[in-house]
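Peer 1: Numbering (our numbering), first residue to last: 11 to 286. One structure coming up, written as structure tokens, with questions to follow.
Structural data, given as structure tokens:
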């Protein structure tokens, strides 16, 4: 702050004056002219002695001023560094979901969303297109982390689940009547492929539950999954209650789907058929 800066300058000036007062009487010998051989040492009060004392005082004064100047410069530099370190903080996030890899332009929705925070739109478009050069034409959503110094960081995300499902069945959009109007059909293998793509952005670490999440989006979009009921019978069963939830990881999933203990009754042998 301005008050802290003024106090720092005053402190350095006081230190310089104190150093000047203590050093002045001790530094006469640094600038005194040596006596000529056989001429003796100049007496106190002579012109030579007065010139030496005057030169000493000037040198010490300039040294004190230099010390004070260095102190002020060091204080300002420290303040600038501290301000710069505090400035680089994240202030907002901008999510761009309808953006195509390698084909971003300053037009909406990119321009208005980025320009609202004072970011360089042209630089963002150039950097985004470079990051998605290997995904030209594909949907590549991203999250833009806006920093307080007007810089930004781009975090690429996986395509929307609905977009991947619509592409799999060759449709441009989903059904307006989920459950009654079917726009296409995919296999369980295709469902697993899409789940693997979306796994990084889902709140789970295993493919089995990721496939269930993707299947929910497929039903909402009017897409039927062949063989899903048969696969569901062999997948992770639902927990008995909310207190028995498995969590996002695999450590609490029951065996053989995860690292937890098997479910009760899973190891019991199947009853033998009765004899006729």
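The beta carbon of each residue, even a glycine, is placed where N, CA and C say it ideally should be. From a predicted model like this one, the values you see are computed outputs, not experimental measurements.
Between which residues of its own chain and residue 234 is the CB-CB distance below 7 Å, once the five residues before and five after are set aside?
Peer 2: Within the same chain, residue 234 has close Cβ partners 192 and 195.
Peer 1: Counting pairs of Cβ atoms below 8 Å between the region 97-108 and the region 120-133, do you hit three or more?
Peer 2: The region 97-108 is in contact with the region 120-133.
Peer 1: Please report the distance separating the alpha-carbon of residue 178 from that of residue 204.
Peer 2: One C-alpha to the other measures close to 9 Å.
Peer 1: Check each candidate in 232, 249 and 169 and name the one with the smallest Cα separation from residue 186.
Peer 2: Checked all of 232, 249 and 169; the closest Cα to residue 186 is 232.
Peer 1: Would you decide whether residue 280 is buried or exposed? Buried here means 16 or more other CB atoms lie within 10 Å of its CB.
Peer 2: Low local confidence applies: a pLDDT of 44 at residue 280 is under 50, so the model's placement there is unreliable, with the coordinate-based value given in what follows. Exposed, because fewer than 16 other Cβ atoms sit within 10 Å of the Cβ of residue 280.
Peer 1: Enumerate in chain order the residues of its own chain whose CB-to-CB distance from residue 201 is below 8 Å, with the five nearest sequence positions on each side excluded.
Peer 2: Here the set comprises 221, 224, 225, 228, 235 and 238.
Peer 1: Smallest Cα separation from residue 164: which of 79, 133 and 116?
Peer 2: Nearest C-alpha to residue 164: 133.
Peer 1: Could you check how far apart the C-beta atoms of residue 145 and residue 112 are, in whole angstroms? I think they sit under 8 Å.
Peer 2: At roughly 7 Å, the Cβ-Cβ gap stays under 8 Å, so residue 145 and residue 112 are in contact.
Peer 1: Per DSSP, which residues does residue 157 bridge with? Please list them.
Peer 2: Paired residue(s): 100.
Peer 1: Grab me the residues of residue 173's own chain with a C-beta within less than 6 Å of its C-beta, minus the 5 sequence neighbours each way, in chain order.
Peer 2: Hits under 6 Å: 149.
Peer 1: Pull up the distance between the alpha-carbon of residue 86 and that of residue 139, whole angstroms please.
Peer 2: When rounded, the distance between both Cα atoms is 40 Å.
Peer 1: In this structure, what does DSSP give as the bridge partners for residue 162?
Peer 2: Note: residue 162 sits in a beta bridge opposite 156.
Peer 1: Given a cut-off of 8 Å, decide if residue 135 and residue 116 are closer than it, judged by their beta-carbon atoms.
Peer 2: Cβ atoms of residue 116 and residue 135: closer than 8 Å.
Peer 1: Where DSSP assigns a beta bridge to residue 235, which residues make up the other side?
Peer 2: Residue 235 pairs with 196.
Peer 1: Tell me where the alpha helix (DSSP H) around residue 138 begins and ends.
Peer 2: Run containing residue 138: 131-141, per the alpha helix (DSSP H) assignment.
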